[in-house]
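Take the sequence shown: its letters are residues 124 to 278, numbered as in the numbering used here.
Take a look at the structure below.
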Amino acid sequence: MYQHKQTGTVVLGCIGLAAAVMAGVLAVLPPGELAPRLILIGALIAFAAVALCFGSLTVQVSRDELNVAFGPGLVRKSYLIADITEVSAVRNKWWYGWGVRYTPHGWLYNVSGLDAVQISLRNGRKYRVGTDQPQLLAEAIDKAIKGEMTAREDI
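What follows is the structure, given as structure tokens:
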């Protein structure tokens, strides 16, 4: 089995910076300004939720499945190894960005960086999984496809 968790340091840094600016504005608001305070508090809560849900990406490869999950797993995707026909390490364009998005190469799940692994499925669809270990992830998926992965193989 392969498992790797990648932290989105740039995403978390940007969210943290924006949250710090909002907290600073909140701190200097006059005491009687209730509506702006509530708006800023709501925005801070929303930023915390986004950071929690999209601050990391965990990828797991077993003999039967490839699983991709952001944060605690509220946003996730699974692929049956039996449905994967091809796998390759690729590099994304910078404008493809981070998060879950549709690209010219199919759906992309990415939390940081430009490196990814592209999988092709039997139905013709393609997906990309962002990773800072593209070669290791591609090898793990390839081993699973070929039936060479053992029950507790950690790459």
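All C-beta atoms in this analysis are idealised placements derived from N, C-alpha and C, irrespective of residue type, glycine included.
None of these values were measured; they are calculated from a predicted model.
By the neighbour-count criterion, in which 16 or more other beta carbons inside 10 Å mark a residue as buried, L157 falls on the exposed side. The beta carbons of V240 and A261 sit about 5 angstroms from each other, so the pair counts as a contact at 8 angstroms. By the Cβ-count criterion, G194 is buried, with 16 or more other Cβ atoms from all chains shown falling within 10 Å of its own Cβ. Taking C-alpha positions only, L149 is separated from A143 by approximately 10 angstroms. Non-local beta-carbon contacts of N246 in its own chain, meaning distances under 8 angstroms to residues more than five positions away in sequence, involve D206 in chain order.
7 angstroms or more divides the Cβ of R186 from the Cβ of A263. Where L163 is concerned, the enclosing alpha helix (DSSP H) starts and stops at L157 to F177. Pairing V182 with H127 gives a Cβ-Cβ distance under 7 angstroms.
Every beta strand (DSSP E) of 3 residues or more that sits fully in the stretch 177-207 is shown, in chain order, as 179-184, 188-193 and 198-203.
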